[in-house]
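Visitor:
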Amino acid sequence: MSLPEPSRRDRPPTGAGWRRAWLPALVVSLAATVPATAQPSDPIVYTLRFPGAQTHYVDVEARVPTGGRPAVELMMAVWTPGSYLVREFARHVEAIAAHTTGGAALTLEKTRKNRWRVTTGGADPVVVSYRVYGREMSVRTNWIDADVAILNGAPTFLTLADESVPRPHDVRLELPAAWPRTTTGLEPQPALGPHAYRAPDFDTLVDTPIVAGDPAVYEFDVGGTPHLLVNLGESGVWDGPASARDVEAITRETHELWGTVPYDRYLFLHMITEAGGGLEHRNSTLLMSSRWDTSSRESYLDWLGLVAHELFHAWNVKRLRPVELGPFDYEREVHTESLWVVEGVTSYYDDLLVHRAGLSTKEEYLEALSGQIRALQTTPGREVQPVALASYDAWIEYYRADENSANTSISYYTKGAVIAFLLDMRIRAATDGRRTLDDLMRAAYARFSGSRGYTPAELRATASEVAGVDLTTWLHRALDTTEELDYGEALDWLGLAYDDPDPDEDRGWIGLRTRTADGRLLVSQVRRGTPALEAGFNVDDEIIAIGDHRVLPAEWSERIGATPPGTEIAVLVARRGALRRVGVRVAVEPARRWELTPVEAPSAAQQRRLDAWLTRR
Ligand SMILES: [Zn+2]
Numbered sequence: 362m363s364l365p366e367p368s369r370r371d372r373p374p375t376g377a378g379w380r381r382a383w384l385p386a387l388v389v390s391l392a393a394t395v396p397a398t399a400q401p402s403d404p405i406v407y408t409l410r411f412p413g414a415q416t417h418y419v420d421v422e423a424r425v426p427t428g429g430r431p432a433v434e435l436m437m438a439v440w441t442p443g444s445y446l447v448r449e450f451a452r453h454v455e456a457i458a459a460h461t462t463g464g465a466a467l468t469l470e471k472t473r474k475n476r477w478r479v480t481t482g483g484a485d486p487v488v489v490s491y492r493v494y495g496r497e498m499s500v501r502t503n504w505i506d507a508d509v510a511i512l513n514g515a516p517t518f519l520t521l522a523d524e525s526v527p528r529p530h531d532v533r534l535e536l537p538a539a540w541p542r543t544t545t546g547l548e549p550q551p552a553l554g555p556h557a558y559r560a561p562d563f564d565t566l567v568d569t570p571i572v573a574g575d576p577a578v579y580e581f582d583v584g585g586t587p588h589l590l591v592n593l594g595e596s597g598v599w600d601g602p603a604s605a606r607d608v609e610a611i612t613r614e615t616h617e618l619w620g621t622v623p624y625d626r627y628l629f630l631h632m633i634t635e636a637g638g639g640l641e642h643r644n645s646t647l648l649m650s651s652r653w654d655t656s657s658r659e660s661y662l663d664w665l666g667l668v669a670h671e672l673f674h675a676w677n678v679k680r681l682r683p684v685e686l687g688p689f690d691y692e693r694e695v696h697t698e699s700l701w702v703v704e705g706v707t708s709y710y711d712d713l714l715v716h717r718a719g720l721s722t723k724e725e726y727l728e729a730l731s732g733q734i735r736a737l738q739t740t741p742g743r744e745v746q747p748v749a750l751a752s753y754d755a756w757i758e759y760y761r762a763d764e765n766s767a768n769t770s771i772s773y774y775t776k777g778a779v780i781a782f783l784l785d786m787r788i789r790a791a792t793d794g795r796r797t798l799d800d801l802m803r804a805a806y807a808r809f810s811g812s813r814g815y816t817p818a819e820l821r822a823t824a825s826e827v828a829g830v831d832l833t834t835w836l837h838r839a840l841d842t843t844e845e846l847d848y849g850e851a852l853d854w855l856g857l858a859y860d861d862p863d864p865d866e867d868r869g870w871i872g873l874r875t876r877t878a879d880g881r882l883l884v885s886q887v888r889r890g891t892p893a894l895e896a897g898f899n900v901d902d903e904i905i906a907i908g909d910h911r912v913l914p915a916e917w918s919e920r921i922g923a924t925p926p927g928t929e930i931a932v933l934v935a936r937r938g939a940l941r942r943v944g945v946r947v948a949v950e951p952a953r954r955w956e957l958t959p960v961e962a963p964s965a966a967q968q969r970r971l972d973a974w975l976t977r978r
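Under our numbering, think of the first position of the sequence shown as 362, with each following residue one higher.
1. Does the distance from the CB of TYR806 to the CB of TRP676 come in under 8 Å?
2. Taking the alpha-carbon positions, what's the GLY786 to SER825 distance?
3. Which of the three DSSP states, helix, strand or coil, is assigned to PRO959?
4. For the alpha helix (DSSP H) containing TRP619, name the first residue and the last one.
5. Does the beta-carbon of ALA392 have 16 or more other beta-carbons within 10 angstroms, so that it is buried, or is it exposed?
6. Under a three-way DSSP split, which group does TRP504 fall into?
7. At what residue ranges does the stretch 643-680 contain a whole run of the beta strand (DSSP E), taking only runs of 3 or more?
8. Closest to LEU686 by CA distance: which of ALA507, ALA560 and ASP564 is it?
9. With distances taken between CB atoms, is the gap from GLU580 to LEU589 smaller than 8 Å?
10. Can you tell me whether DSSP reads PRO541 as helix, strand or coil?
11. Measuring straight from C-alpha to C-alpha, what distance separates TRP974 and THR569?
12. Taking the beta strand (DSSP E) that GLY585 belongs to, which residues open and close that run?
13. Helix, strand or coil: how does DSSP classify GLY922 here?
14. Can we count THR646 as close to ligand 1, meaning its CB is less than 7 Å from some heavy atom?
15. What is the C-beta distance between TYR627 and THR697, in whole angstroms, given that I count them as a contact (C-beta under 8 Å)?
16. I need the DSSP call for GLN550, collapsed to helix, strand or coil.
17. Once DSSP output is grouped into helix, strand and coil, what is the label at ARG969?
18. Is HIS674 near ligand 1, in the sense that its beta carbon is under 7 Å from a heavy atom of that ligand?
19. Where does TRP756 sit, in a helix, a strand or coil, going by DSSP?
20. Check whether the Cβ of HIS670 lies closer than 7 Å to any heavy atom of ligand 1, and answer yes or no.
21. Can the beta-carbon of LEU435 be found closer than 8 Å to that of LEU512?
22. Are SER444 and LEU750 touching if we call contact CB-CB under 8 Å?
23. How about GLU698: is its Cβ closer than 7 Å to a heavy atom in ligand 1?
24. State the beta-bridge partners of ILE930 as determined by DSSP.
25. Could you round the C-beta distance between THR427 and VAL487 to whole angstroms and report it? I think they count as a contact, below 8 Å.
26. Can you tell me whether VAL779 is buried or exposed, with buried defined as 16 or more other CB within 10 angstroms of its CB?
27. Return the chain-ordered ranges of every alpha helix (DSSP H) run that is complete within the stretch 848-932 and spans a minimum of 4 residues.
28. Using a 10 Å radius around the Cβ and a threshold of 16 neighbouring Cβ atoms, would you call GLN733 buried or exposed?
29. Among residues of its own chain, excluding the 5 on either side of ASP831, which ones have a beta-carbon nearer than 6 Å to its beta-carbon?
30. For ligand 1, is there any heavy atom lying closer than 7 Å to the beta carbon of THR775?
31. How about GLU497 and ARG410: are their beta carbons less than 8 Å apart?
32. Taking only three categories from DSSP, how would you classify PRO442?
33. Quick one: residues in its chain with C-beta nearer than 6 Å to the C-beta of THR775, no 5 flanking neighbours on either side, listed in chain order?
34. With distances taken Cα to Cα, identify the nearest neighbour of GLY765 among VAL887, GLY601 and TYR407.
35. Ligand 1 heavy atoms versus the CB of THR441: any closer than 7 Å?
36. Between GLU895 and ligand 1, is the CB less than 7 Å from at least one heavy atom?
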């Protein structure tokens, strides 16, 4: 989620069968799939140096086994799992060259936008050196400066292309004197040096970020499993010990929900950098936040939600995954309809787990859920795009949002979370409260977290099984159509209602969204179903006056609000440098009824169910 990209939580999938090679139970079955002629692969060994860290470069030297072949092809990923956009990481690679271990130059040519061929002359290994520029502060790219290196696998490491057998990738870092420590979920390789690690395969390398610098580290055990909160940049503002206690509480609650812990050790790599976002990995997550997030209740709850979200992904998508999301083709888009499960279900559980862990009040939780519902129900694109299609088109829509996106598309985070809430209540109502969405997630995990993953049909069938009723039609309507969701059953089950404040009949509204740039008031969004769209306002119109009177950016909302509904006004705008007047009839804002509140006199059953949902007891 780094802004300005969509959604506050961005995060990835994975799941390659290769990646599981270290799991003893799977080693046997994996070995059976490797051709009998295959030899154990020699590792690619990378050395990372930072002589120009302050200029945002890492120097990479890779010793690449060739097996004596006359030429080898090297590849850099064009995207990184969990973030569905082709990012062309190869554009930050420069000064690439190849030579023998003795220093003799070898021919290296570029063969595709992200590939290079080395003519080996029989050398084995060959040494390939290059530099990578890293100055994009996001959870899926690289950042290098005098204080810190945040390295992701996809934008950092070239690897051998078209490999059919998993190959270990070793990484050794030579740190500047000011950086005492590296932290990563990779396995240490002390024989190679103090900051050396091994990934058993390329998938693991891509799935395991490395952070070097001088962080504050808080370690805690949950159920005997070590967890590390690694805070980089506390600088006397962030409350490290308090945040570690809260992360521990969320972790405990998450373990209890799933009933199984899929990793030996887990790292919360938290960069306090005035950026935002999170990306999930198999045994770690990379999080970014503002150092002021512990100073306000609202932003801190958001941060706790982000922590819960990324940790939940260690089960939901890193292991329980759609069939399409692993093993990955790192050179082209991978489409799936199932991001409503990956991101939507996770977005439903994140704030809920924070509440169940005792870190937010019932009112705060209901407000968070109301926010999801409100966002869905006030986005016109929900009437255009089914959520399964929103998922499939993530690459060309969600990650390429523009000023018209709200009119034509819906977030699979938002609608997926609301569907998860309704599905949870559907299952509870169908089983008289004996089963819940928690049961569905556990059942799906038990069934599909192996090497293959689930198809949309398999996941839907499992939902019906857990609910004990056929949910095919219900799920089809929710996922494959743009029909409005029905909240009646869920609200009735829990004894909740939408608080329906009447709109202020005296306040004017035309539904235009604006932004301010260089002291100018500009139209930023013209949504369907508003007087502004009918009137013909355009995005980027500069608003200058209402009638014959100048309107300044700070005055716009108040001036429109003070205009009695029904009044015709003419708004003077500048559009591509020419002045024109846009006539619009001021209206009353539609009711914003999406505030979940307990009904006045809930039944004992409703009280019991609300309690069971919020406490999981
Ligand atoms: Zn996510």
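Ideal Cβ placement from N, Cα and C applies to all residues, glycine included.
Guide: Reading off the structure:
1. What you label residue 806 is simply residue 445 of the sequence shown in a count that begins at 1. What you label residue 676 is simply residue 315 of the sequence shown in a count that begins at 1. Cβ atoms of TYR806 and TRP676: closer than 8 Å.
2. For this step, residue 786 is matched to residue 425 along the sequence shown. For this step, residue 825 is matched to residue 464 along the sequence shown. A small correction: the amino acid at residue 786 is Met; Gly does not occupy that position in the sequence shown. Taking the straight line joining both Cα atoms gives about 13 Å.
3. As a working mapping, residue 959 is identified with position 598 in the sequence shown. In the three-state scheme derived from DSSP, where H, G and I count as helix and E and B as strand, PRO959 is classed as strand.
4. Within the sequence shown, numbered from 1, the residue matching residue 619 stands at position 258. Residue range 601-619 is occupied by the alpha helix (DSSP H) that includes TRP619.
5. Position 31 of the sequence shown holds residue 392. Unreliable placement is indicated for ALA392, whose pLDDT of 40 sits below 50; the coordinate value is still reported in the next sentence. ALA392 should be labelled exposed.
6. Your numbering for residue 504 matches position 143 in the sequence shown. Annotated three-state conformation of TRP504 is strand, per DSSP.
7. As far as the stretch 643-680 is concerned, its whole beta strand (DSSP E) runs of at least 3 residues are 645-650.
8. Residue 686 sits at position 325 when you count from the first residue of the sequence shown. Considering only alpha carbons, the answer is ASP564.
9. The count along the sequence shown starts at 1 and reaches residue 580 at position 219. The count along the sequence shown starts at 1 and reaches residue 589 at position 228. Contact: yes.
10. As a first step, residue 541 is located in the sequence shown; it is residue number 180 there, counting from the start. Coil.
11. Working through the sequence shown from its first residue, we reach residue 974 at position 613. Working through the sequence shown from its first residue, we reach residue 569 at position 208. The alpha-carbon of TRP974 is positioned some 34 Å away from that of THR569.
12. Counting from one through the sequence shown, the residue named residue 585 turns up at place 224. Counting along the chain, GLY585 falls outside any beta strand (DSSP E), and DSSP gives it neither H nor E.
13. Sequence index remark: in the sequence shown, residue 922 carries index 561 (1-based). Collapsing the DSSP output to three states places GLY922 in a helix.
14. Looking up residue 646 in the sequence shown gives position 285. Not so, every heavy atom of ligand 1 lies at least 7 Å from the Cβ.
15. Working through the sequence shown from its first residue, we reach residue 627 at position 266. Working through the sequence shown from its first residue, we reach residue 697 at position 336. Contact doesn't hold; Cβ gap of about 25 Å is too wide.
16. For this step, residue 550 is matched to residue 189 along the sequence shown. Of the three classes helix, strand and coil, the one that applies to GLN550 here is coil, per DSSP.
17. As a working note, residue 969 is residue 608 in the sequence shown. Three-state result, ARG969: helix.
18. As a position in the sequence shown, residue 674 is number 313, starting the count at 1. The closest heavy atom of ligand 1 lies less than 7 Å from the beta carbon of HIS674.
19. For the purposes of this step, residue 756 is taken as the residue at position 395 of the sequence shown. Three-state result, TRP756: coil.
20. As a position in the sequence shown, residue 670 is number 309, starting the count at 1. Taken from the Cβ of HIS670, at least one heavy atom of ligand 1 lies inside 7 Å.
21. Within the sequence shown, residue 435 is the residue found at index 74, counting from 1. Within the sequence shown, residue 512 is the residue found at index 151, counting from 1. Judged by their CB atoms, LEU435 and LEU512 are not nearer to each other than the 8 Å cut-off.
22. Numbered from 1 along the sequence shown, position 83 holds the residue referred to as residue 444. Numbered from 1 along the sequence shown, position 389 holds the residue referred to as residue 750. In this structure, LEU750 does not lie closer than 8 Å to SER444 by Cβ.
23. Indexing the sequence shown from 1 puts residue 698 at position 337. Relative to ligand 1, GLU698 has its C-beta separated by 7 Å or more from all heavy atoms.
24. What you label residue 930 is simply residue 569 of the sequence shown in a count that begins at 1. For ILE930, the pairing in a beta bridge is given by DSSP as VAL945.
25. Numbered from 1 along the sequence shown, position 66 holds the residue referred to as residue 427. Numbered from 1 along the sequence shown, position 126 holds the residue referred to as residue 487. Contact between THR427 and VAL487 holds, with the beta-carbon distance rounding to 6 Å and staying under 8 Å.
26. Here the question's residue 779 lines up with position 418 in the sequence shown. Its Cβ being crowded by 16 or more others within 10 Å, VAL779 is buried.
27. Taking only runs of at least 4 residues, the alpha helix (DSSP H) segments lying wholly in the stretch 848-932 are 849-855, 892-896 and 917-922.
28. Numbered from 1 along the sequence shown, position 372 holds the residue referred to as residue 733. So GLN733 counts as buried.
29. To locate residue 831, count along the sequence shown from 1; it is residue 470. The answer, listed in chain order, is SER825.
30. Position 414 of the sequence shown, counted from the first residue, corresponds to residue 775. Taking the Cβ of THR775 as the reference point, every heavy atom of ligand 1 lies at 7 Å or farther away.
31. Within the sequence shown, numbered from 1, the residue matching residue 497 stands at position 136. Within the sequence shown, numbered from 1, the residue matching residue 410 stands at position 49. ARG410 is positioned such that its CB atom lies no closer than 8 Å to that of GLU497.
32. The count along the sequence shown starts at 1 and reaches residue 442 at position 81. The answer is coil: DSSP assigns PRO442 none of H, G, I, E or B.
33. As a first step, residue 775 must be located in the sequence shown, where it is residue number 414. Excluding the 5 residues flanking it on each side, THR775 has same chain C-beta neighbours closer than 6 Å at GLN733, ALA736 and LEU737, in chain order.
34. For the purposes of this step, residue 765 is identified with residue 404 of the sequence shown, where counting begins at 1. Note that residue 765 is Asn in the sequence shown, not Gly. Distance check between ASN765 and each of VAL887, GLY601 and TYR407 places VAL887 closest, using alpha-carbon atoms only.
35. As a working mapping, residue 441 is identified with position 80 in the sequence shown. Not a single heavy atom of ligand 1 lies less than 7 Å from the C-beta of THR441.
36. Numbered from its first residue, the sequence shown carries residue 895 at position 534. In this structure, GLU895 has its CB at a distance of at least 7 Å from all heavy atoms of ligand 1.
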